[in-house]
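In UniProt numbering, the protein residues as written are 1 to 108.
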């Protein structure tokens, strides 16, 4: 069974640094994993447009497979891709949807 720190280390190469989509550029500066029962929360700190944000994204149950020893590389990439999609979804909807707005807090 992997620790939250080991799962963090698996995700860092796929999520840290500059992430781009067609409308935004997010620079992930810190990443943490908080385990809670049968799920975990990914805590990301990022900068964009001279703003600093902390965003908390809950995992789904399938992502918990990262805690099972040494997960296959394709699983790590898939979980990271899912979090990346959800992060950009948060960015683009945070001003229009209350549920999205609750996921992030501005820290500057």
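Think of the CB as a built atom: it goes at the ideal place given N, C-alpha and C, for glycine as much as any other residue.
Neighbourhood of residue i by C-beta distance below 6 Å, restricted to the same chain and skipping five residues each side
{"i": "residue 105", "result": "54"}
8 Å CB neighbourhood of residue i in its chain, flanking five on each side removed
{"i": "residue 64", "result": "38, 39, 40"}
{"i": "residue 88", "result": "19, 21, 24, 26"}
{"i": "residue 5", "result": "33"}
Member of the options whose CA lies at the smallest distance from the CA of residue i
{"i": "residue 32", "options": "23, 22, 16, 76", "result": "16"}
{"i": "residue 3", "options": "52, 44, 69, 62", "result": "69"}
{"i": "residue 107", "options": "7, 50, 14", "result": "50"}
{"i": "residue 9", "options": "52, 98, 71, 48", "result": "71"}
{"i": "residue 60", "options": "52, 78, 73", "result": "78"}
Sub-7 Å separation of residue i and residue j beta-carbons
{"i": "residue 11", "j": "residue 28", "result": "no"}
{"i": "residue 57", "j": "residue 84", "result": "no"}
{"i": "residue 7", "j": "residue 44", "result": "no"}
Inter-residue spacing [alpha-carbon to alpha-carbon] between residue i and residue j
{"i": "residue 42", "j": "residue 36", "result": "11 Å"}
{"i": "residue 103", "j": "residue 30", "result": "16 Å"}
{"i": "residue 76", "j": "residue 96", "result": "31 Å"}
{"i": "residue 1", "j": "residue 92", "result": "35 Å"}
{"i": "residue 80", "j": "residue 73", "result": "11 Å"}
Cβ-based neighbour list, residue i, same chain, cut-off 7 Å, excluding 5 preceding and 5 following
{"i": "residue 13", "result": "none"}
Cβ-based burial, residue i [other Cβ within 10 Å; buried from 16]
{"i": "residue 101", "result": "exposed"}
{"i": "residue 34", "result": "exposed"}
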